[in-house]
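Colleague: Handing you a structure now.
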Amino acid sequence: MNIVILGPPGAGKGTYARLLSEKYTIPTISVGDLFRKAITDETKLGKSVKNYLSSGELVPDKIVIEVVKNRLEEEDCKKGFLLDGYPRTVPQAEAMMNFNRIDVAFNFVVPDDVIASRIGGRRTCSKCGAIFHLINVPPKVEGICDICGGTLIQRVDEKPQIIKNRLEIFREKTKPVADYLRTKGLVVDIDANYPIEEIDKIIDQCENYLQTLR
Ligand code: ADP
Ligand code: ZN
Numbered sequence: 030m031n032i033v034i035l036g037p038p039g040a041g042k043g044t045y046a047r048l049l050s051e052k053y054t055i056p057t058i059s060v061g062d063l064f065r066k067a068i069t070d071e072t073k074l075g076k077s078v079k080n081y082l083s084s085g086e087l088v089p090d091k092i093v094i095e096v097v098k099n100r101l102e103e104e105d106c107k108k109g110f111l112l113d114g115y116p117r118t119v120p121q122a123e124a125m126m127n128f129n130r131i132d133v134a135f136n137f138v139v140p141d142d143v144i145a146s147r148i149g150g151r152r153t154c155s156k157c158g159a160i161f162h163l164i165n166v167p168p169k170v171e172g173i174c175d176i177c178g179g180t181l182i183q184r185v186d187e188k189p190q191i192i193k194n195r196l197e198i199f200r201e202k203t204k205p206v207a208d209y210l211r212t213k214g215l216v217v218d219i220d221a222n223y224p225i226e227e228i229d230k231i232i233d234q235c236e237n238y239l240q241t242l243r
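Numbering (our numbering), first residue to last: 30 to 243.
Structure representation (structure tokens):
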């Protein structure tokens with residue numbers, strides 16, 4: 030199954046992707062994570078995308094398309110994948126239609142006011158990348174990762190001013206992606222406005238749809 034994950038920043042896409050990836054044993058390809066790893070490893074790619082990520086701007090299509098296309102050609106994606114963070118522009122979506130067959134694009138829908146508080150409270154482990162939330166998913170010890178003991182940090186692009194910028198870019202550039210994929214009959218809307226304790230209600234909607242594909 031080749032699945033695309035759509036939705037605004039802060040919709041919880043990474044979390045849903047992880048749960049679905051465990052259930053269906055297919056890898057999650059997170060474009061943001063690919064870029065952040067490249068930045069940490071100080072590769073050529075990392076150097077070319079660094080400034081875009083820290084300001085919340087989109088990386089140019091040409092770079093993104095190349096990175097994603099190559100990644101999806103790797104062996105582990107042969108039996109399926111979950112693609113998180115791509116496509117984010119209509120040209121990226123058009124390119125995708127040429128290089129991969131997509132079964133469904135789950136579009137996670139969350140009201141605007143919920144989004145801002147979800148991102149603002151998010152804290153990420155600097156060592157293993159696990160995600161916590163000051164209110165929704167607090168770590169057992171403040172500032173420390175439950176899983177590996179690493180220090181929790183706020184991503185630079187999760188500070189208020191940058192969040193605002195990312196939401197504006199989402200409205201302008203990424204919302205049209207869902208409209209475009211809808212015309213291809215690929216979009217299934219998922220109501221993601223549930224508290225974290227009821228995350229099953231969100232995942233169930235995805236599973237119910239995937240059942241119909243089998
Ligand atoms: P979120 O899903 O919370 O917005 P991501 O980790 O997916 O965060 O992305 C972080 C940053 O990586 C984006 O703000 C952008 O700079 C860059 N990025 C990720 N995916 C894409 C993409 N498909 N096109 C352009 N830039 C991207
Ligand atoms: Zn950790």
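Every residue, glycine too, gets a C-beta built ideally from N, C-alpha and C. Bear in mind that the values here come from a model prediction, so they are computed numbers and not experimental data.
(1) Contact check, residue 133 vs residue 215 under 8 Å by CB: the rounded distance?
(2) Does the beta-carbon of residue 76 have 16 or more other beta-carbons within 10 angstroms, so that it is buried, or is it exposed?
(3) Short check: CB of residue 147 to CB of residue 181, under 9 Å?
(4) Buried or exposed, going by whether 16 or more other CB atoms sit within 10 Å of the CB of residue 157?
(5) Helix, strand or coil for residue 130, going by three-state DSSP, please let me know.
(6) Between residue 152 and chain B, is there a C-beta pair that is closer than 9 Å?
(7) Return yes when the C-beta of residue 118 is under 8 Å from any heavy atom of the ligand ADP, and no when it is not.
(8) Note the first and the last residue of the continuous alpha helix (DSSP H) segment covering residue 212.
(9) Just to confirm before moving on: does the CB-CB distance between residue 27 and residue 97 stay below 9 Å?
(10) Kindly indicate the opening and closing residues of the alpha helix (DSSP H) around residue 69.
Modeller: If we stick to the structure as given:
(1) To locate residue 133, count along the sequence shown from 1; it is residue 104. To locate residue 215, count along the sequence shown from 1; it is residue 186. Going by Cβ atoms, the distance from residue 133 to residue 215 rounds to 6 Å, so yes, they are a contact pair.
(2) Here the question's residue 76 lines up with position 47 in the sequence shown. The residue in question, residue 76, is exposed, as its Cβ has fewer than 16 Cβ neighbours within 10 Å.
(3) Against the sequence shown, residue 147 aligns to sequence position 118. Against the sequence shown, residue 181 aligns to sequence position 152. No. Outside cutoff.
(4) Position 128 of the sequence shown, counting from 1, holds the residue named residue 157. The residue in question, residue 157, is exposed, as its Cβ has fewer than 16 Cβ neighbours within 10 Å.
(5) Translated into positions along the sequence shown, residue 130 becomes position 101. It is coil, neither helix nor strand.
(6) Any reference to chain B falls outside this structure, which holds one protein chain only.
(7) Here the question's residue 118 lines up with position 89 in the sequence shown. Yes, the Cβ of residue 118 comes within 8 Å of a heavy atom of the ligand ADP.
(8) Residue mapping note: residue 212 aligns to position 183 of the sequence shown, counting from 1. Looking at the DSSP string, the run of the alpha helix (DSSP H) that includes residue 212 is 204–212.
(9) There is no way to answer for residue 27, as the model of the chain reaches only from 30 to 243.
(10) Counted from its first residue, the sequence shown places residue 69 at position 40. Start and end: 60–69.
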